[in-house]
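Undergrad: Here it is, the structure in full.
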């Protein structure tokens, strides 16, 4: 605290970190590697709107090439009381981004004495992705997240997906990301179009079953997507955002649902 | 001028007198421990006086709004940077007050060619599981009064802040005789408002105000100003424990 001053834009947490040398500035674009940027994000994350808000789920596997590094990775992260972010891509960058984002929203609320607007939050993630693009071009640090939040003003859930450059798209019904996502996207499209009900009308139980089945399908063909390890009690992470906030499905609930509805 | 020591002392003394005079009119702020955490309460006329600093730390302040704003921002920046680079668990009021705020305030106060901070602050930190809450008052010259610590024989479960030392002493004397730790929120609001009113009526040294005078003052003040209160709540699902209380909750507690 140099003489207790706050310079620059007082609401911008990443800028504060940069002033203290605690957050990397954008990587230089000059030294682009000859190989094209890494295309695959070895994981499967999904989110869709249902009658009770937005459900977001992700598998637990983290890989490096052919090796399974970790089977308890948490890819669905709580950013604030009503926001979730699911991450696909390089874990180091993705978790750091989630951390910066979480602190940014809190920092904004504390310094500005008001909650950051929904558009502001969505844009903040976009900016982090944009700043990271230099690393993506160097073949390291690609992140392709999904962001879900509850719009308290409009009383409805909102869902966004991004590309690695930071373009943001609002999803009407569902969003997916990661190497296992083609299978999941197909399932969600099929269910939404020809299922008994469109996705936004299904109830909580049904939504959880659909998410677990979709992830299981992805794990069947995609080696980078972890399945369920019942012996090790490793189940996908499933979280729901609604007007009341975020709820996480317990391991017991997932175990029961998995046993009766999936396998 | 400052080469002569006594001139410097005189300048500091003048400056102290000036700041004390500026702060004397400030509305008191009371923070008490209750069953659910820590309650902050004050009455204000135009601007917010109770603020969130970090997950478990809140601040109340009186003084010049510009100075309060600079100090508040600095406290948030220090806490947020620490919480981000290490862990939210590493952010502590003791370190924030002793290593960051107090030295900066002292330096500004004693550099007589620069402006001092016209502000006085009360911080509270919600204790972790099994730990007591901590209350710390920091004055414009960097001096601190803290509720805990190894040197205190009795541990205070409250903190007060006021325009004059007579007010602070009167509130402290009142709160020392009350055990608020088991109270529910409504009871704590009534206790804090009572203490606030005692502080409000004790601008000069003297006998404590009579119960009748306190009741009259409560009615008058509620008609003229607005209650402001916030809590640091135990047992929240989120790491952030700060929650401002809506007017409705305060009115129903005092009804």
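Chains as they are written, first to last, in this note's numbering: chain A, 493 to 755; chain B, 752 to 1006.
We put the CB at the ideal spot given by N, CA and C, even for glycine.
No experiment lies behind these values; they were computed from the predicted model shown.
Scan the region 842-874 of chain B for residues whose Cβ lies nearer than 7 angstroms to a Cβ of chain A and list them as they occur along the chain.
TA: For the region 842-874 of chain B, which is checked against every Cβ of chain A, the residues closer than 7 angstroms are 851 and 855.
Undergrad: Residues of chain B with a CB under 7 angstroms from the CB of residue 598(A): which are they?
TA: Within chain B, the residues near residue 598(A) are 991.
Undergrad: What residues in the region 558-589 of chain A bring their beta carbon closer than 9 angstroms to a beta carbon of chain B?
TA: The region 558-589 of chain A vs chain B, Cβ under 9 angstroms: 570, 572 and 573.
Undergrad: What residues of chain A sit near residue 803(B), judged by a beta carbon separation below 8 angstroms?
TA: Per Cβ cutoff of 8 angstroms: 601 and 602.
Undergrad: From the DSSP output, in three-state form, read off residue 893(B) for me.
TA: Here residue 893(B) sits in coil by DSSP.
Undergrad: Rounded to the nearest angstrom, what separates residue 673(A) and residue 795(B) at their Cα positions?
TA: Their backbone Cα atoms lie some 55 angstroms apart in a straight line.
Undergrad: How about residue 493(A): is its C-beta nearer than 7 angstroms to some C-beta of chain B?
TA: Low per-residue confidence applies at residue 493(A): pLDDT is 44, beneath 50, and the placement is therefore not dependable enough to give any value.
Undergrad: Please determine, among 581(A), 539(A), 509(A) and 606(A), the residue with the shortest C-alpha to C-alpha distance to residue 830(B).
TA: Looking at the Cα atoms, 509(A) is the closest of the given residues.
Undergrad: In the DSSP output, what is residue 995(B) paired with across the bridge?
TA: Paired residue(s): 981(B).
Undergrad: Helix, strand or coil, according to DSSP, for residue 559(A) in the structure here?
TA: Strand at residue 559(A).
Undergrad: Output, in chain order, the set of chain B residues within a Cβ distance shorter than 8 angstroms of residue 502(A).
TA: Correct list: 824.
Undergrad: Thinking C-alpha only, which one of 711(A), 709(A), 696(A) and 714(A) is nearest residue 730(A)?
TA: Out of 711(A), 709(A), 696(A) and 714(A), 696(A) has the C-alpha closest to the C-alpha of residue 730(A).
Undergrad: In whole angstroms, what is the alpha-carbon distance linking residue 980(B) and residue 623(A)?
TA: One C-alpha to the other measures close to 40 angstroms.
Undergrad: When the Cα atoms are used, what is the spatial distance from residue 627(A) to residue 606(A)?
TA: Straight-line Cα distance between these residues: approximately 33 angstroms.
Undergrad: Do residue 960(B) and residue 952(B) have their C-beta atoms closer together than 7 angstroms?
TA: Yes, they are a contact pair.
Undergrad: On a CA-only basis, which of 808(B), 908(B) and 787(B) is nearest residue 987(B)? Give me that one, please.
TA: Of 808(B), 908(B) and 787(B), the residue nearest in Cα terms is 787(B).
Undergrad: Just to confirm my understanding: we take residue 721(A), look at its own chain, exclude 5 residues before and 5 after, and list those with CB closer than 7 angstroms. What are they?
TA: Counting only Cβ-Cβ distances below 7 angstroms, and skipping sequence neighbours, we find 563.
Undergrad: With DSSP as the reference, label residue 715(A) as helix, strand or coil.
TA: Looking at residue 715(A) - three-state DSSP - the assignment turns out to be coil, as it is neither helix nor strand.
Undergrad: Quick one, are the C-beta atoms of residue 569(A) and residue 676(A) less than 7 angstroms apart?
TA: No, Cβ-Cβ distance for residue 569(A) and residue 676(A) is not below 7 angstroms.
Undergrad: Roughly how many angstroms lie between the CA atoms of residue 932(B) and residue 680(A), to the nearest whole one?
TA: Spanning the two alpha carbons is a distance of roughly 53 angstroms.
Undergrad: Residues of chain A with a CB under 8 angstroms from the CB of residue 827(B): which are they?
TA: Within chain A, the residues near residue 827(B) are 599, 602 and 603.
Undergrad: Any C-beta of chain B within less than 9 angstroms: which residues of the region 503-514 of chain A qualify?
TA: Cβ contacts with chain B come from 505, 508, 509, 512 and 514.
Undergrad: Alpha carbon to alpha carbon, how far is residue 820(B) from residue 945(B)? Give it in angstroms, no decimals.
TA: Cα-Cα distance, rounded: 28 angstroms.
Undergrad: Pair every Cβ in the region 704-716 of chain A with every Cβ in the region 534-554 of chain A, then say whether three or more of these pairs are closer than 8 angstroms.
TA: Enough Cβ pairs lie closer than 8 angstroms, so yes.
Undergrad: Compute the beta-carbon to beta-carbon distance between residue 885(B) and residue 790(B), rounded to the nearest angstrom, for a pair I have assumed lies under 8 angstroms.
TA: With 8 angstroms as the limit, residue 885(B) and residue 790(B) do not qualify as a contact, their Cβ atoms being about 15 angstroms apart.
Undergrad: Select from 652(A), 657(A) and 656(A) the residue whose C-alpha is nearest the C-alpha of residue 665(A).
TA: Residue 652(A) is the option with its Cα nearest to residue 665(A).
Undergrad: Pull up the DSSP beta-bridge partners for residue 652(A), would you.
TA: In DSSP, residue 652(A) forms a bridge with 639(A) and 662(A).
Undergrad: Less than 7 angstroms between CB atoms is the rule here; does residue 838(B) satisfy it with respect to chain A?
TA: Cβ-Cβ to chain A under 7 angstroms: no for residue 838(B).
Undergrad: Pop quiz: residue 635(A) and residue 586(A) are said to be a contact at Cβ under 8 angstroms. What is the actual Cβ separation, rounded to whole angstroms?
TA: Indeed they touch by this definition, with Cβ atoms about 5 angstroms apart.
Undergrad: Who are the neighbours of residue 591(A) on chain B, taking C-beta pairs under 8 angstroms?
TA: The answer, in chain order, is 835.
Undergrad: I want to verify the contact list: residues of chain B whose CB lies under 8 angstroms from the CB of residue 595(A), in sequence order.
TA: The contacting residues are 831, 834 and 835.
Undergrad: Give me, in chain order, the residues of the same chain whose beta-carbon lies closer than 8 angstroms to that of residue 644(A); leave out the 5 immediate sequence neighbours on both sides.
TA: Cβ neighbours of residue 644(A) beyond the five flanking positions: 574 and 735.
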